[in-house]
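Mapping of the sequence shown onto the working numbering: residues 1 to 309, in sequence order. Glycine included, each C-beta is placed from N, C-alpha and C at the ideal position. Just so we're clear, the structure is a prediction, and the values are computed from it rather than from any experiment. In what follows, a single structure is set out as structure tokens and then discussed.
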Amino acid sequence: MKKPLIMDCDPGRDDAIALMMLGKDENYELLGITTVAGNHTVSHTFNNAQRLSAWLGIEAPVFRGCERPLLRAPVIAPEIHGDTGLDGFDEQCMPKHQETEHAVNWLVKTLLAATEPVTLLVTGPMTNIAMALRLAPTVLSHIDRIVLMGGSMTLGNVTPAAEFNMYADPEAAKIVFTSGADLYMAGLDVTLKALCDAETITRMSAHKNPAAKLFHDLMIPYCEAENRAYGMPKAPVHDPVAVAILQQPDLITFREMNVTIDTSTQEGYGRTYCDYYNTTGLKPNCHVAVNLNTEGFWNLIEHQIQKYN
Ligand code: RIB
Ligand code: CA
1 MKKPLIMDCD PGRDDAIALM MLGKDENYEL LGITTVAGNH TVSHTFNNAQ RLSAWLGIEA
61 PVFRGCERPL LRAPVIAPEI HGDTGLDGFD EQCMPKHQET EHAVNWLVKT LLAATEPVTL
121 LVTGPMTNIA MALRLAPTVL SHIDRIVLMG GSMTLGNVTP AAEFNMYADP EAAKIVFTSG
181 ADLYMAGLDV TLKALCDAET ITRMSAHKNP AAKLFHDLMI PYCEAENRAY GMPKAPVHDP
241 VAVAILQQPD LITFREMNVT IDTSTQEGYG RTYCDYYNTT GLKPNCHVAV NLNTEGFWNL
301 IEHQIQKYN
């Protein structure tokens, strides 16, 4: 029996690889894809998610979510993901039907109607999830767990302190991290180990199918963009690590700890304070990923690509 899953994302080049991994998953039923402003405006992320689902033959409906963060000014990342948010993937294929219901309304309706608890995979800013929790707090009892890419026990990637998904909507993240939901966090501590380079691209492209072409067409400019931005010869594919938590959890080592979100300081705005040594005595609220089996991770990516043959 497949487990119900909803993906909330901001495609985004690495979100695209994460979605590809789910497209042929035998264990999860993807009920829907909700999109949010993050890597680019929600107009772009919505359009990108529709084009990706059509290209990959994913029949899950795609919904347009919140236009902007709850409080702060919007931030986008065209320097990493390009002017469309998905530069490199130019296919203009679209689903047969375009959804017009707002993603948050659909999330609430779907969760409340679910006959079993639903897993949420969140690979962008948490605006939609926070809004759903505020609009209908009883959705919490319909959420099995929230598996998210975001945060960091140490350095940030968009400020010295904050990772992008958290920084893009810290107030939303605080709502989610104080909700009581069962959280699994793939932060930069593990995603910076998932490094894609030219050899990886050659390996994955060899499969000559829609997923392999997607990987090739997106990861070449992604590696270039990451190198320009961070001086890194290899590019961290962040969001697929969150999918690995769903598909092969033994690739990841977790440590339960209390995680709080900085919404009040200037330098630390968006930072995830991860109480690794339990110095605060606060009850752990998150399973934080602290290590990744990188060889197994890339084997998992290749295994998912091969399913599109
Ligand atoms: O910090 C990396 C995260 O921010 C990834 O989810 C990437 O897609 C961007 O959303
Ligand atoms: Ca993302």
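Cβ-based burial, residue i [other Cβ within 10 Å; buried from 16]
i	result
residue 40	buried
residue 169	buried
residue 253	exposed
residue 8	buried
residue 43	exposed
residue 167	buried
residue 228	exposed
residue 233	exposed
residue 277	exposed
residue 20	buried
residue 398	What the structure shows of the chain is the stretch from 1 to 309, and residue 398 is not part of that stretch, so it cannot be assessed.
residue 303	exposed
residue 137	exposed
residue 263	buried
residue 299	exposed
residue 53	buried
residue 208	exposed
residue 113	exposed
residue 124	buried
residue 189	buried
residue 226	buried
residue 250	exposed
residue 180	exposed
residue 265	exposed
residue 202	exposed
Backbone CA spacing between residue i and residue j [nearest angstrom]
i	j	result
residue 155	residue 196	20 Å
residue 82	residue 149	20 Å
residue 291	residue 29	27 Å
residue 289	residue 75	26 Å
residue 26	residue 118	16 Å
residue 91	residue 131	32 Å
residue 135	residue 216	40 Å
residue 310	residue 199	No information on residue 310 is available, as it lies outside the stretch 1 to 309 that the chain covers here.
residue 121	residue 6	6 Å
residue 37	residue 79	15 Å
residue 128	residue 51	21 Å
residue 24	residue 2	12 Å
residue 257	residue 287	7 Å
residue 336	residue 68	Residue numbering for the chain in the displayed model covers 1 to 309; residue 336 lies beyond these limits and cannot be assessed.
residue 139	residue 77	31 Å
residue 354	residue 165	With the chain covering only 1 through 309, there is no way to say anything about residue 354.
residue 255	residue 100	40 Å
residue 58	residue 223	26 Å
residue 273	residue 98	40 Å
residue 204	residue 267	40 Å
residue 115	residue 4	9 Å
Residue interval of the beta strand (DSSP E) (run including residue i)
i	result
residue 258	252-261
residue 287	286-292
residue 275	272-275
Supposed close pair residue i, residue j - CB separation, criterion 8 Å
i	j	result
residue 210	residue 55	6 Å
residue 243	residue 107	About 19 Å; that fails the 8 Å criterion.
residue 151	residue 85	In fact, because the Cβ distance is near 22 Å, the residues do not count as touching under 8 Å.
residue 245	residue 184	5 Å
residue 35	residue 64	6 Å
residue 32	residue 61	5 Å
residue 70	residue 171	5 Å
residue 194	residue 236	6 Å
residue 248	residue 296	7 Å
residue 312	residue 94	A query on residue 312 cannot be resolved here, the shown segment of the chain reaching from 1 to 309 and no further.
Extent of the continuous alpha helix (DSSP H) to which residue i belongs
i	result
residue 222	210-230
residue 188	188-191
residue 243	239-247
residue 79	78-81
residue 335	In the structure displayed, the chain extends from 1 to 309; residue 335 sits before or after that span and is not available.
Any C-beta of chain C under 8 Å from that of residue i
i	result
residue 137	Chain labels in this structure do not include chain C; a single protein chain is all it has.
Segments of 4+ residues assigned as alpha helix (DSSP H) that fall wholly inside the segment 25-68: 42-56
Beta strand (DSSP E) runs wholly inside the segment 91-171, at least 3 long, in chain order: 118-122 and 143-149
Inside the segment 1-25 only - alpha helix (DSSP H) runs reaching at least 4 residues: 13-22
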